[in-house]
Amino acid sequence: MTENNIIIALGAAGMLGGEVARVAPPGVKLVWADRGEMDITDIRATRAFINDCGARGIINCSAYTAVDAAETDRAAAYAINACGARNLAIACREIGARLLHLSTDFVFDGSAREPYAEYDIPNPRGVYAESKLAGEIEIQTIGGDWQIVRTQWLYGQNGKHFVAAIAKLARERERLTVVGDQHGCPTCTWDLAPLLWRLLLEAPGGIYHASGGGACTWHEFAAEIATLAGSSARVDPITTQEWNRIKPSTAPRPAYSVLSKDRLKRTIGYQFPHWRDSLRAFFERGDLDRSRA
Ligand SMILES: NC(=O)c1ccc[n+]([C@@H]2O[C@H](COP(=O)([O-])OP(=O)(O)OC[C@H]3O[C@@H](n4cnc5c(N)ncnc54)[C@H](OP(=O)(O)O)[C@@H]3O)[C@@H](O)[C@H]2O)c1
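Residue numbers (this note's numbering): 112 to 404.
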């Protein structure tokens, strides 16, 4: 660390941001921030907060993350995910701070049959996905010292997520149906948050993919969650088409969005644990009890 070790964990009231703040490495002077401290849609407030802190870097976990709601709330999604990202990039560039910004596998359309690399061409489907890609482009256009970390299928303590929702349903019901034709990589914030610190403090700029090891469908993920939750509920697969008939307001999701983590391995020698191991550890730590279904 240099003499300036002030880092802002932004979105710290959220699922990933909370974990990032919790695992700040020794030697870092952590500044905790969320919407109340700095509304990133307000360029003046953003500049003032970042300037006043004199931050050396920001890990930005703040975002508009309501994927389905975004379909009818386009202005809000873009204000936060695109304009907010731009405001942060401007404020960071002005004081020479590094911006580590979180993005998503949803920037890809899901038509690939092998893991997406950082250099693959995005083609988002749906408003949330488009607004996140717009944020990536804004940051790259403004320039400065930036890192964009795309992740996927997040769960963690203190959050509202798929693992908590399925564990609850599996304990309440005898049978669940879960989409079985979308493939991705479940990612525990417990694994991701310390990695974000390493990237910010040690790695070169650019785009990184960071998600759990291995790959599965939502159905396979749900079946493992039900088992670990001690449920004997039957978990059956359904197709995306069937799910969309049940829930017509669902935003489009990529059928295949497995992210390749080769760059991470080559740059800092990091390899994520397999998603099944991370999920088991999540249950063993008792983190499910701190989550919201
Ligand atoms: N969750 C996933 O599965 C997933 C998958 C891929 C990528 N990601 C990305 O990972 C990042 C973290 O996701 P998450 O699930 O941890 O998010 P989250 O739990 O929804 O937290 C987002 C935080 O951002 C805050 N925020 C919203 N608008 C803001 C604004 N204008 N100014 C300042 N803060 C604002 C929210 O506050 P309010 O509650 O007040 O709105 C909330 O505390 C996001 O960039 C997301 O796109 C997530």
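Idealized CB from N, CA, C, for every residue including glycine. Small disclaimer: the values here were computed from a predicted structure and weren't measured.
Burial state of residue i (16 or more Cβ within 10 Å)
| i | result |
| --- | --- |
| THR157 | buried |
| ASP216 | buried |
| ILE259 | buried |
| THR350 | exposed |
| PRO315 | exposed |
| MET112 | Reliability of the predicted coordinates at MET112 is poor, the pLDDT of 43 falling under 50, and the value obtained from them is presented with this limitation in mind. Under this definition MET112 is an exposed residue. |
| GLN382 | exposed |
| THR176 | buried |
| PRO137 | exposed |
| PRO365 | buried |
| GLU205 | exposed |
| THR262 | buried |
| GLU313 | exposed |
Residue i: first and last residue of the uninterrupted alpha helix (DSSP H) it sits in
| i | result |
| --- | --- |
| ARG356 | 351-357 |
| ALA373 | A small correction: the amino acid at residue 373 is Asp; Ala does not occupy that position in the sequence shown. Element bounds for ASP373: 373-379. |
| TRP301 | 300-313 |
| GLY129 | 126-133 |
| LYS279 | 273-283 |
| ALA188 | 185-189 |
| ASP163 | 154-164 |
Integer-rounded CB distance, given that residue j should sit under 8 Å from residue i
| i | j | result |
| --- | --- | --- |
| LEU127 | ASN171 | With a Cβ gap of about 10 Å, LEU127 and ASN171 do not count as contacting. |
| GLY270 | ARG403 | 7 Å |
| SER368 | GLY295 | 5 Å |
| PRO297 | CYS327 | 7 Å |
| GLY237 | ALA362 | 4 Å |
| GLN293 | TRP329 | 6 Å |
| ILE151 | ALA208 | Actually they do not touch by this definition, with Cβ atoms about 14 Å apart. |
| TRP354 | VAL290 | 5 Å |
| ILE119 | ALA135 | Incorrect: roughly 11 Å between the Cβ atoms, too far for contact. |
| HIS320 | SER360 | Contact flag wrong, Cβ pair sits at about 29 Å. |
| GLU130 | ALA304 | 4 Å |
| GLY325 | THR300 | The pair is not a contact, with the Cβ atoms about 17 Å apart (cut-off 8 Å). |
| ILE250 | ALA196 | 5 Å |
Counterpart residues of residue i in DSSP-defined beta bridges
| i | result |
| --- | --- |
| ALA120 | TRP143, ILE170 |
| THR328 | HIS294 |
| LEU265 | THR298 |
| ILE318 | ILE259 |
| LEU370 | TYR227 |
| HIS385 | GLY324 |
| VAL289 | PRO348 |
| ARG403 | LYS271 |
Ligand 3 heavy atom lying under 7 Å from the CB of residue i
| i | result |
| --- | --- |
| ARG146 | Within the structure as shown, ligand 3 is missing, the only ligands being ligand 1. |
*Quick one: complete beta strand (DSSP E) runs, 3+ long, within the segment 194-238?*
Residue ranges of uninterrupted beta strand (DSSP E) with 3 or more members, entirely inside the segment 194-238 and ordered along the chain, are 209-215.
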